[in-house]
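Asker: Following this message is one structure expressed as structure tokens.
Chains as they are written, first to last, in this note's numbering: chain Y, 1 to 412; chain P, 413 to 548.
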């Protein structure tokens, strides 16, 4: 984990910018949820805010924010609109991952561009097996050096705003054949970085966006399919072997996703309080029989808000302490094989809590929350996305259980 | 059946590679202040080596087993022969439980970049001993 270079006073400036940008996201979010498109006005606003440079170390032109600083900024933005923020979250994830894996020269060049305001994204998942699948996408070596990439990535979040692409592909022989041997295939799966130049229709030289995104929630992330039709990556665009590199830095994915859903938890609590503290049912004859029922005095509503606030506070502590543990090097004490799933516990814990909260909020607010366009139905739909980003709860438990049940002897 | 006849062969070749490494100026420079003391435990045949990079010494057998390492590396002797020639993907082998790495992550991760330069050293040790049959 890079050293923390940013002071808390410096961070306050970035947090103020995040609060301002969050308000803008909150304002435009409903329109792009309904339109089911990327929130295009967010691009200029995000770039103008300078927040994209936050985690870039000072030696590469950024302010040197830590993973905890970045987490707090993402949660602040997510409080405004989780879907728009989930798009920009991709940028922070890829900046965090690449800066831990790139050479000094690569960091100077690519992170320098990020410090100047450029946006990075990284499509990795493929149709066959998502993030865990070894890349079917091919990197075919070229006689003049470098590679051409051929294949398709199905989760290209933020593609409509990005200037830089990172991705994984398997290096083939000169004829484009993938290695047949499993270990050779693992060895050949590689991590690349390149310019991402597409026109307003999403067409570029050897790369294009196919606008396919249509999902239950998170409408404005612009998570389209990316087609690689021979995108050229020069030799200096090779970062490292993908699997061996990635497992050391995946906290940037896991904890940034957790930050999105913590921000969403803040919003769920805020909106629930706003409605339930004022709502009056008048005369009721049902579960509650009273001449004038004020919702805020009903026992299960009081408990429900208390439960929500408790979940928010627990989630905040779990996330921030996990970030701090990494900064302090306390992950040194964890078994090596369990480091990644242990870090992922923050995300899975928060994901389960935010889904509980959005469902509970609708239950407490009542049927009006089910109508299309209300904040509660949107949060409910958007929170469902938390089931999927790696590691999800099932994957985490499998990882941990397998390690704990493994026999002492090795497999040979 | 293992490619190594007995522990003495393991100590002669893999241990021999470590003996060269701990005296190599670039390794001495790369490992000073790292606290990198690696206990390599192999099976079939059973063999134990302690590589004290900062202390520039290699212990084998009981002497190694009784020392205090900061990192422990376990694998079969056959896999060790492949690994030190660069023919075993470490991440994959860890995931498949062919290799077990224990110790503090911050110290253990210092070992991995050091392995690559050792591949040529190991192969040269085998060639010098006329043991081309062990080359993978």
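Even for Gly, the Cβ is constructed at its ideal location relative to N, Cα and C. Nothing here was measured: the structure is a model prediction, and the numbers come from that model.
(1) In chain order, what residues of the stretch 478–491 of chain P put their CB closer than 8 Å to some CB of chain Y?
(2) Which residues bound the beta strand (DSSP E) around residue 462 of chain P?
(3) Strictly below 7 Å CB to CB, what residues from chain B border residue 523 of chain P?
(4) Which of the residues in the stretch 516–544 of chain P, read from start to end, lie with their CB under 9 Å from any CB of chain Y?
(5) Going straight from the alpha carbon of residue 336 of chain Y to that of residue 513 of chain P, what length do you get?
(6) Flag this pair as yes or no: are the beta carbons of residue 157 of chain Y and residue 221 of chain Y separated by less than 7 Å?
(7) Which chain Y residues are close to residue 512 of chain P, counting only those with a beta carbon under 7 Å from its beta carbon?
(8) Pair every Cβ in the stretch 309–322 of chain Y with every Cβ in the stretch 281–294 of chain Y, then say whether three or more of these pairs are closer than 8 Å.
(9) Opposite residue 164 of chain Y in the DSSP bridges: which residues?
(10) Is the beta carbon of residue 460 of chain P sitting closer than 7 Å to the one on residue 519 of chain P?
(11) Write down every uninterrupted run of the alpha helix (DSSP H) in the stretch 312–386 of chain Y whose length is 4 residues or greater and which is fully enclosed by it, in chain order.
(12) How would you write the range of the alpha helix (DSSP H) that residue 423 of chain P sits in, first residue to last?
(13) State the beta-bridge partners of residue 153 of chain Y as determined by DSSP.
(14) Buried or exposed: which applies to residue 167 of chain Y, given that a residue is buried once 16 or more other Cβ atoms fall within 10 Å of its Cβ?
(15) I believe residue 53 of chain Y touches residue 114 of chain Y by the beta-carbon criterion, under 8 Å. Please report the beta-carbon distance rounded to the nearest angstrom.
(16) Select from Y:109, Y:110, Y:78 and Y:119 the residue whose C-alpha is nearest the C-alpha of residue 91 of chain Y.
(17) So, using beta-carbon positions, are residue 414 of chain P and residue 457 of chain P closer together than 7 Å?
(18) Going by the CB atoms, is the gap between residue 354 of chain Y and residue 264 of chain Y shorter than 7 Å?
(19) With a cut-off of 8 Å, do at least 3 Cβ pairs link the stretch 52–72 of chain Y to the stretch 217–237 of chain Y?
(20) Could you tell me which residues DSSP pairs with residue 270 of chain Y in its beta bridges?
(21) Under the three-state reduction of DSSP, which class applies to residue 415 of chain P: helix, strand or coil?
(22) Compare the Cα-Cα distances from residue 45 of chain Y to each of Y:78, Y:24, Y:346 and Y:258 and report the closest residue.
(23) Step through the CB atoms of chain P and report whether any lies within less than 7 Å of the CB of residue 243 of chain Y.
(24) Is there at least one non-hydrogen atom of the ligand GTP closer than 6 Å to the beta-carbon of residue 464 of chain P?
(25) When the Cα of residue 224 of chain Y is compared with those of Y:121, Y:321, Y:180 and Y:308, which residue comes out closest?
(26) So residue 218 of chain Y and residue 86 of chain Y are supposed to be a Cβ contact under 8 Å. How far apart are they, rounded?
(27) Could you tell me which of Y:128, Y:178, Y:142 and Y:247 sits nearest to residue 154 of chain Y, measuring between CA atoms?
(28) Which residues does DSSP pair with residue 485 of chain P in a beta bridge?
(29) Counting only C-beta atoms, is residue 503 of chain P closer than 7 Å to chain Y at any point?
(30) For the alpha helix (DSSP H) that residue 241 of chain Y lies in, which residues bound it at each end?
(31) Looking at residue 430 of chain P: is its Cβ nearer than 7 Å to the Cβ of residue 422 of chain P?
(32) Going by beta-carbon coordinates alone, are residue 381 of chain Y and residue 216 of chain Y separated by less than 7 Å?
(33) Decide yes or no for the touch test of the stretch 440–458 of chain P against the stretch 466–485 of chain P: beta carbon pairs closer than 8 Å, at least 3 of them.
(34) Quick one: list the residues of chain P neighbouring residue 339 of chain Y, beta-carbon separation under 8 Å, in chain order.
(35) Taking the alpha carbon of residue 277 of chain Y as the point to measure from, which residue in Y:306, Y:258 and Y:259 has its own alpha carbon closest?
(36) Does any CB atom of chain P fall closer than 7 Å to the CB of residue 336 of chain Y?
Answerer: Considering the structure as presented:
(1) So the close ones are 486, 487, 488, 490 and 491.
(2) As a working mapping, residue 462 of chain P is identified with position 50 in the second chain. 459–464 is the extent of the beta strand (DSSP E) around residue 462 of chain P.
(3) Of the protein chains in this structure, namely Y and P, none is chain B.
(4) 516, 517, 518, 519, 520, 521 and 524
(5) Numbered from its first residue, the first chain carries residue 336 of chain Y at position 336. Numbered from its first residue, the second chain carries residue 513 of chain P at position 101. Approximately 7 Å, taken between the alpha carbons.
(6) Translated into the one-based positions of the first chain, residue 157 of chain Y becomes position 157. Translated into the one-based positions of the first chain, residue 221 of chain Y becomes position 221. Result yes, Cβ atoms of residue 157 of chain Y and residue 221 of chain Y sit closer than 7 Å.
(7) Position 100 of the second chain, counted from the first residue, corresponds to residue 512 of chain P. Per Cβ cutoff of 7 Å: 410.
(8) no
(9) Residue 164 of chain Y sits at position 164 when you count from the first residue of the first chain. Beta-bridge pairing links residue 164 of chain Y to Y:120 and Y:195.
(10) Position 48 of the second chain, counting from 1, holds the residue named residue 460 of chain P. Position 107 of the second chain, counting from 1, holds the residue named residue 519 of chain P. The answer is no: Cβ separation not under 7 Å.
(11) 339–365 and 375–383
(12) Position 11 of the second chain, counted from the start, is the residue given in the question as residue 423 of chain P. Unbroken alpha helix (DSSP H) run through residue 423 of chain P: 419–435.
(13) Within the first chain, residue 153 of chain Y is the residue found at index 153, counting from 1. Note: residue 153 of chain Y sits in a beta bridge opposite Y:226.
(14) Here residue 167 of chain Y refers to the residue found at position 167 when the first chain is read from its first residue. Result: buried.
(15) Within the first chain, numbered from 1, the residue matching residue 53 of chain Y stands at position 53. Within the first chain, numbered from 1, the residue matching residue 114 of chain Y stands at position 114. Between residue 114 of chain Y and residue 53 of chain Y the Cβ distance is about 6 Å, and since that is below 8 Å, they are a contact.
(16) What you label residue 91 of chain Y is simply residue 91 of the first chain in a count that begins at 1. Nearest option by C-alpha distance: Y:119.
(17) Walking along the second chain from the start, residue 414 of chain P turns up at place 2. Walking along the second chain from the start, residue 457 of chain P turns up at place 45. It is a contact, given that the beta carbons lie within the stated cut-off.
(18) Counted from its first residue, the first chain places residue 264 of chain Y at position 264. Counted from its first residue, the first chain places residue 354 of chain Y at position 354. Yes, the Cβ-Cβ distance between residue 264 of chain Y and residue 354 of chain Y is below 7 Å.
(19) no
(20) Within the first chain, the letter at position 270 stands for residue 270 of chain Y. According to DSSP, residue 270 of chain Y bridges with nothing at all.
(21) Counted from its first residue, the second chain places residue 415 of chain P at position 3. In the three-state reduction of the DSSP assignment, residue 415 of chain P falls in the coil class.
(22) The sequence position of residue 45 of chain Y within the first chain is 45, counting from 1. Among Y:78, Y:24, Y:346 and Y:258, the Cα nearest to that of residue 45 of chain Y belongs to Y:24.
(23) Mapped onto the first chain, residue 243 of chain Y falls at position 243. Output row for residue 243 of chain Y: interface = yes.
(24) Only the bare structure without any ligand can be found here, which leaves the ligand GTP out of the picture.
(25) Locating residue 224 of chain Y in the first chain gives position 224, counting from the first residue. For residue 224 of chain Y, the nearest C-alpha among the options comes from Y:121.
(26) By one-based count along the first chain, residue 218 of chain Y stands at place 218. By one-based count along the first chain, residue 86 of chain Y stands at place 86. Sure, about 6 Å apart at Cβ, within 8 Å.
(27) Start at 1 with the first residue of the first chain, and residue 154 of chain Y comes out as number 154. If we check each option's Cα against that of residue 154 of chain Y, Y:128 comes out closest.
(28) For the purposes of this step, residue 485 of chain P is taken as the residue at position 73 of the second chain. Per the DSSP secondary-structure output, residue 485 of chain P pairs in a beta bridge with P:452 and P:513.
(29) Counted from its first residue, the second chain places residue 503 of chain P at position 91. It does: the Cβ of residue 503 of chain P has a partner Cβ on chain Y nearer than 7 Å.
(30) Counting from 1 along the first chain, the entry for residue 241 of chain Y is found at position 241. Unbroken run through residue 241 of chain Y is the beta strand (DSSP E), 238–241; no alpha helix (DSSP H).
(31) To locate residue 430 of chain P, count along the second chain from 1; it is residue 18. To locate residue 422 of chain P, count along the second chain from 1; it is residue 10. Contact flag unset, no.
(32) By one-based count along the first chain, residue 381 of chain Y stands at place 381. By one-based count along the first chain, residue 216 of chain Y stands at place 216. Yes; because the gap between Cβ atoms is below 7 Å, this pair is in contact.
(33) yes
(34) Taking the first residue of the first chain as 1, we reach residue 339 of chain Y at position 339. 517, listed in chain order.
(35) Stepping through the first chain from its first residue, residue 277 of chain Y is reached at position 277. Selected option, being the one with the closest Cα: Y:306.
(36) Working through the first chain from its first residue, we reach residue 336 of chain Y at position 336. Yes, its Cβ sits closer than 7 Å to a Cβ of chain P.
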